[in-house]
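Residue numbers (the numbering used here), protein chains in the order written: chain A, 1 to 110; chain B, 1001 to 1117.
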Amino acid sequence: SQELEQSPQSLIVQEGKNLTINCTSSKTLYGLYWYKQKYGEGLIFLMMLQKGGEEKSHEKITAKLDEKKQQSSLHITASQPSHAGIYLCGALGPGNQFYFGTGTSLTVIP
Amino acid sequence: DAGVIQSPRHEVTEMGQEVTLRCKPISGHNSLFWYRQTMMRGLELLIYFNNNVPIDDSGMPEDRFSAKMPNASFSTLKIQPSEPRDSAVYFCASSFRRTVMTTGELFFGEGSRLTVL
C-alpha cells in the first residue's frame, strides 16, 4: 500500500520565521494534496499538485512537487499564529483510496 | 452550498452499545470517504464509496464496523458493539472523482467525536 511520511512530526517556531514541511511517498504520486487541520476541527484543503516540478502558492504558503513525483514540500514564509495547526499531505493510492500522511503539528509562538 | 454534514458532533456511550454516525455529502459529489482520527494512529481511511458502491473497506478495523450508502446523499457508519478503543474522531469526506487517476479535493465534515466508556 502507498505510504506517506511527513517530516518533521512537530514544529515550534517563532512568529515571523520561515519553515518547511516535507511529505515523502513510497510510490509515484499522481496527485498530491495539502490540507490543514485546526485542533478539534475538520480538514481544510490548501492546494493540489499534479505535475512534476509544479509549484503553487496561496498567500504565504507555497507547495512544490518534485520532478520525480515522490516528494512534496510545503513552505510557509513569515509564519503567523494563524498558521498553527496540523498539516497533512494526501494522495490517491493504487486502489484509488485516498491516503493521508502522518501529519505535522505546527505551533507558532507570538 | 452546504458542506459535508455529519451528525452527531459528539457522542458518549457505554461499552457494548450500538453507535451510528451519519454523513450527508455535498450534492453532486460521487465519492465518499470515512476516516478515523486518533492521536496514536493519525488519520486512517476506513472505507470509501464511489457512486454509492463500497470500493475498498480494507481499513475497517473489525466486523463490528459497518458502513452503508443507500443513496447519493446519505451514508452511515455503524459500530456494534462499541468498545473503549473505538473512541476517536470520525470524519466523513466527499469529492467529485473526475477520472480513475484523479479526484477533486476532498471536502471534510466537522467530525463526530466518539467516546466509549
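The beta carbon of each residue, even a glycine, is placed where N, CA and C say it ideally should be.
Note that the coordinates shown come from a computational prediction; the quantities given were computed from them, not determined experimentally.
| task | Determine which residues of the segment 1041-1066 of chain B have a Cβ less than 7 Å from any Cβ of chain A, and write them out in chain order. | result | GLY1042, LEU1043, LEU1045, TYR1048, ILE1055 and ASP1056
| message | Is there a C-beta anywhere in chain B that falls below 8 Å from the one on GLN97 of chain A? | response | Taking the first sequence and counting its residues from 1, the one referred to as residue 97 of chain A is at position 97. At least one chain B Cβ lies under 8 Å of GLN97 of chain A.
| query | For a contact meaning CB atoms closer than 7 Å, what does GLY1111 of chain B contact in chain A? | reply | Locating residue 1111 of chain B in the second sequence gives position 111, where the first residue counts as 1. What GLY1111 of chain B touches in chain A: GLY42.
| said: Quick check on TYR33 of chain A - is its C-beta less than 8 Å from some C-beta in chain B? | reply: For the purposes of this step, residue 33 of chain A is identified with residue 33 of the first sequence, where counting begins at 1. By this cut-off, TYR33 of chain A is an interface position.
| query | Can you tell me whether DSSP reads PRO81 of chain A as helix, strand or coil? | reply | Numbered from its first residue, the first sequence carries residue 81 of chain A at position 81. If DSSP states are grouped into helix, strand and coil, PRO81 of chain A belongs with the helices.
| message | Short of 7 Å in beta carbon distance, which residues of its chain neighbour THR1076 of chain B, apart from the five on each side in sequence? Order them along the chain. | response | On the second sequence, position 76 is the one that residue 1076 of chain B refers to. THR1020, LEU1021, ARG1022, ALA1067 and LYS1068.
| said: Helix, strand or coil, according to DSSP, for ASP1063 of chain B in the structure here? | reply: For the purposes of this step, residue 1063 of chain B is identified with residue 63 of the second sequence, where counting begins at 1. Note: ASP1063 of chain B maps to coil in three-state DSSP.
| query | Between the segment 1050-1063 of chain B and the segment 1003-1016 of chain B, do three or more beta carbon pairs fall short of 8 Å? | reply | no
| field | Length of the line joining the Cα atoms of ALA1002 of chain B and SER1073 of chain B | value | As a first step, residue 1002 of chain B must be located in the second sequence, where it is residue number 2. As a first step, residue 1073 of chain B must be located in the second sequence, where it is residue number 73. Looking at the two C-alpha atoms, the distance is approximately 12 Å.
| field | Residue burial classification, ASP1086 of chain B (beta-carbon count within 10 angstroms, cutoff 16) | value | The residue you call residue 1086 of chain B lines up with position 86 of the second sequence. With 16 or more other Cβ atoms within 10 Å, it is buried.
| message | Taking the straight line between their C-alpha atoms, what separation do you get for SER1082 of chain B and VAL13 of chain A? | response | Within the second sequence, residue 1082 of chain B is the residue found at index 82, counting from 1. Within the first sequence, residue 13 of chain A is the residue found at index 13, counting from 1. Taking the straight line from one Cα to the other gives about 40 Å.
| task | Can you say whether ASP1015 of chain B is buried or exposed, counting buried as having 16 or more other CB atoms within 10 angstroms of its CB? | result | The residue labelled residue 1015 of chain B in the question sits at position 15 within the second sequence. Per the sequence shown, the amino acid found at residue 1015 of chain B is Met instead of Asp. Counting Cβ neighbours within 10 Å, MET1015 of chain B comes out exposed, since fewer than 16 surround it.
| query | How would you label THR104 of chain A, buried or exposed, when you count the other beta carbons within 10 angstroms and need 16 or more for buried? | reply | Position 104 of the first sequence, counting from 1, holds the residue named residue 104 of chain A. That one is buried.
| query | Apart from the five residues just before and just after TYR35 of chain A, which ones in its own chain have a Cβ nearer than 8 Å to its Cβ? | reply | The residue labelled residue 35 of chain A in the question sits at position 35 within the first sequence. Hits under 8 Å: LEU43, ILE44, PHE45, LEU46, TYR87, LEU88, CYS89, GLY90 and PHE100.
| Per DSSP, what kind of secondary structure is ARG1022 of chain B in: helix, strand or coil? | Numbered from 1 along the second sequence, position 22 holds the residue referred to as residue 1022 of chain B. Three-state result, ARG1022 of chain B: strand.
| task | Pick helix, strand or coil for ARG1097 of chain B, following the three-state DSSP scheme. | result | Within the second sequence, residue 1097 of chain B is the residue found at index 97, counting from 1. Coil, per DSSP.
| task | Take ARG1036 of chain B and list the residues in its own chain whose beta-carbon comes closer than 7 Å to its own, dropping the five residues that flank it on each side. | result | Within the second sequence, the letter at position 36 stands for residue 1036 of chain B. Same-chain partners within the cutoff: GLU1044, LEU1046, ALA1088 and TYR1090.
| request: Answer with buried or exposed for ILE109 of chain A, where buried requires no fewer than 16 other C-beta atoms within 10 angstroms of its C-beta. | output: Counting from one through the first sequence, the residue named residue 109 of chain A turns up at place 109. So ILE109 of chain A ends up on the exposed side.
| field | alpha helix (DSSP H) segments (min. 4 residues) lying fully within the segment 1027-1096 of chain B | value | Within the segment 1027-1096 of chain B, no complete alpha helix (DSSP H) run reaches 4 residues.
| task | Quick one: give me the first and last residue of the beta strand (DSSP E) that THR1115 of chain B is part of. | result | On the second sequence, residue 1115 of chain B is found 115 positions in, with the first residue counted as 1. 1112-1116 is the span of the beta strand (DSSP E), which, as asked, contains THR1115 of chain B.
| field | Assigned secondary structure, SER26 of chain A (DSSP; H/G/I helix, E/B strand, else coil) | value | Translated into positions along the first sequence, residue 26 of chain A becomes position 26. In this structure, SER26 of chain A counts as coil in the three-state DSSP scheme.
| message | Among the candidates A:THR102, A:ALA84, A:LEU92 and A:PHE98, whose CA atom is the shortest distance from the CA of TYR39 of chain A? | response | Position 39 of the first sequence, counting from 1, holds the residue named residue 39 of chain A. From the listed residues A:THR102, A:ALA84, A:LEU92 and A:PHE98, the smallest Cα separation to TYR39 of chain A is found for A:ALA84.
| query | When the Cα atoms are used, what is the spatial distance from SER82 of chain A to THR62 of chain A? | reply | Position 82 of the first sequence holds residue 82 of chain A. Position 62 of the first sequence holds residue 62 of chain A. The alpha-carbon atoms of SER82 of chain A and THR62 of chain A are separated by roughly 16 Å.
| task | May I have the straight-line CA-CA distance separating THR107 of chain A from CYS23 of chain A, to the nearest angstrom? | result | Mapped onto the first sequence, residue 107 of chain A falls at position 107. Mapped onto the first sequence, residue 23 of chain A falls at position 23. Distance from the CA of THR107 of chain A to the CA of CYS23 of chain A, rounded to the nearest whole angstrom, comes to 18 Å.
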